[in-house]
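Notes to accompany the following structure.
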Amino acid sequence: SMGAEVTGFSLAPETDPNLFELAGIAGAVRSRFGDLRDAEAVRRAVDGAEPEIVLHMAAQPLVRRSYVDPVGTFETNVMGTVNLLDALRGAETLRTVLVVTTDKVYENTETGISFREEDPLGGHDPYAASKAAAEIVTSSYARSFLDEQGVRVATARGGNVIGGGDFSEDRLVPDIWRALKAGRPLVLRNPASARPWQHVLDCLCGYFTYARGLTDRAGLPSALNFGPPPDAPPLTVAALADAVQSALGTDPVWEPANDAGPREMMTLEIDSRKARAVLGWKDQLAGTPCVSWLADWYRALNTGDDMRARTLAQIAAYEKLHRGKTS
Numbered sequence: 100s101m102g103a104e105v106t107g108f109s110l111a112p113e114t115d116p117n118l119f120e121l122a123g124i125a126g127a128v129r130s131r132f133g134d135l136r137d138a139e140a141v142r143r144a145v146d147g148a149e150p151e152i153v154l155h156m157a158a159q160p161l162v163r164r165s166y167v168d169p170v171g172t173f174e175t176n177v178m179g180t181v182n183l184l185d186a187l188r189g190a191e192t193l194r195t196v197l198v199v200t201t202d203k204v205y206e207n208t209e210t211g212i213s214f215r216e217e218d219p220l221g222g223h224d225p226y227a228a229s230k231a232a233a234e235i236v237t238s239s240y241a242r243s244f245l246d247e248q249g250v251r252v253a254t255a256r257g258g259n260v261i262g263g264g265d266f267s268e269d270r271l272v273p274d275i276w277r278a279l280k281a282g283r284p285l286v287l288r289n290p291a292s293a294r295p296w297q298h299v300l301d302c303l304c305g306y307f308t309y310a311r312g313l314t315d316r317a318g319l320p321s322a323l324n325f326g327p328p329p330d331a332p333p334l335t336v337a338a339l340a341d342a343v344q345s346a347l348g349t350d351p352v353w354e355p356a357n358d359a360g361p362r363e364m365m366t367l368e369i370d371s372r373k374a375r376a377v378l379g380w381k382d383q384l385a386g387t388p389c390v391s392w393l394a395d396w397y398r399a400l401n402t403g404d405d406m407r408a409r410t411l412a413q414i415a416a417y418e419k420l421h422r423g424k425t426s
């Protein structure tokens, strides 16, 4: 409904089921399957798209996988970002580049502070470090090349995103759905860990608002956090699991993992007040609505609904909420 002509570049879907097929994306946008690590493939995709606005969201996004394959994680998240930004040098149609990183780019000493955009970057695990490195790469390409082309470049740091359509490995909501479907116990690796959970539509609304703002006006910050409201206490993994299971109509039951696996930070909070102030962005689905919307999506999947129609219906309902609260 935003009127954009969209070209997507990504690996082919790796899970079954997957949102790309369930939502019929192939028939809705131009899709190119390829690997960010293949610089020539990236360049061909950029040249073919003649982009005006680039949203760079492709990544190896999983912390646990980054411990198993640190080299592949750095290749994708760092050199993949280099390959994209380098392909954009000299692109005559280009106006805006928004690189999406993560709330994990901050040097987290677990002091309980809520990270602001000015805080130092860092990364304990390979995933976090690769995304912090992508921030530095983006800043360098902006200052060295893209600024002088008149292109506006920024990074968006999102919280822990949940919502319908996620089937990734080692992620809480898909793990709940898979356990329920298979009739087996839900196993939680880090039940006491607290995270800044937010619905995918809130997050995407923030990214689109940021990209549009960068395109239309000068003076926006070069990095913004997008997370839950400042007054929302971070939910633990266990509390969110209980809420999602209940919303899916099952008893909230889980057991702790015998081996939690590689170390992950216990607490993580980000401060997104700046995005609210400079963009007028706000969460429409913070708290209970976030859980009910994602549960609605997975229940529809379980009953064999048309998931393209269900996904579009949720987007339309979200847009109505957004218009109502910003008009």
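Going by my numbering, the first residue of the sequence shown is number 100, and it counts up by one from there. For every residue, glycine included, the Cβ atom is placed at its ideal position computed from N, Cα and C. In this text, all values refer to a predicted model and were calculated from it rather than measured experimentally.
Beta carbon of residue i nearer than 8 Å to that of residue j
i	j	result
Asp-269	Leu-161	yes
Thr-195	Leu-313	yes
Thr-192	Glu-234	no
Leu-220	Thr-175	no
Leu-187	Val-145	yes
Val-343	Ile-275	yes
Gly-123	Arg-407	yes
Gly-450	Gln-297	Shown here, the chain extends from 100 to 426; a query on residue 450 therefore has no answer.
Tyr-166	Gly-263	no
Leu-245	Val-199	no
Ser-213	Thr-172	no
Thr-349	Ala-291	no
Asn-237	Val-252	According to the sequence shown, residue 237 is Thr rather than Asn. Yes, Cβ-Cβ distance for Thr-237 and Val-252 is below 8 Å.
Ala-241	Tyr-309	no
Tyr-205	Asp-224	no
Beta-ladder partner(s) of residue i, from DSSP
i	result
Tyr-438	A question about residue 438 goes unanswered here, because the residues of the chain that appear run from 100 up to 426.
Ser-213	Glu-368
Thr-254	Val-198 and Ala-322
Ile-152	Thr-195
Glu-354	Val-286
Thr-335	Ala-293
His-421	Paired residue(s): none; His-421 is not in a bridge.
Start and end residues, beta strand (DSSP E) containing residue i
i	result
Gly-107	106-109
Ser-130	129-132
Ile-261	259-261
Residue from the options with nearest C-alpha to residue i
i	options	result
Asp-395	Ile-261, Lys-373, Glu-354 and Gly-423	Ile-261
Leu-183	Arg-163, Asp-224, Glu-139 and Arg-215	Glu-139
Asn-207	Arg-372, Phe-119, Thr-366 and Asp-246	Thr-366
Pro-332	Ala-346, Pro-273, Gly-211 and Glu-120	Gly-211
Leu-323	Gly-305, Glu-104, Cys-389 and Ile-275	Gly-305
Glu-113	Phe-132, Leu-285, Val-336 and Thr-410	Phe-132
Asp-358	Gly-263, Gln-159 and Asn-289	Asn-289
Pro-320	Tyr-226, Leu-285, Ser-371 and Trp-353	Ser-371
Val-128	Gly-102, Gly-189 and Arg-242	Gly-102
Arg-215	Ala-228, Gly-258 and Asp-315	Gly-258
Ala-227	Asp-218, Asp-404 and Lys-203	Lys-203
Ala-421	Tyr-166, Phe-244, Ala-158 and Gly-379	Going by the sequence as given, residue 421 is His instead of Ala. When only C-alpha atoms are compared, the closest one is Gly-379.
Asp-330	Leu-303, Arg-277, Ile-369 and Trp-392	Ile-369
Leu-287	Val-272, Glu-217, Val-299 and Gln-297	Val-272
Met-156	Leu-110, Asp-224 and Ser-238	Leu-110
Asn-117	Ser-239, Ser-238, Leu-400 and Gly-423	Leu-400
Asp-147	Pro-169, Thr-402 and Val-105	Going by the sequence as given, residue 147 is Gly instead of Asp. Taking only the C-alpha atoms, the option nearest Gly-147 is Val-105.
Residue range of the alpha helix (DSSP H) that includes residue i
i	result
Glu-234	225-240
Val-272	271-281
Trp-392	387-401
Ser-165	162-167
Asn-176	Asn-176 -> no alpha helix (DSSP H), and no H or E assigned at all.
Ala-310	299-315
Leu-121	118-121
Any C-beta of chain C under 8 Å from that of residue i
i	result
Gly-221	Here there is only one protein chain, and chain C is not present.
Checklist entry - Are the segment 411-424 and the segment 380-391 touching, with three or more C-beta to C-beta distances below 8 Å? => result Yes: at least three Cβ pairs fall under 8 Å.
Next on the checklist: Quick test of the definition: if touching needs 3 or more C-beta pairs under 8 Å, does the segment 165-181 touch the segment 276-288?
Outcome noted: no
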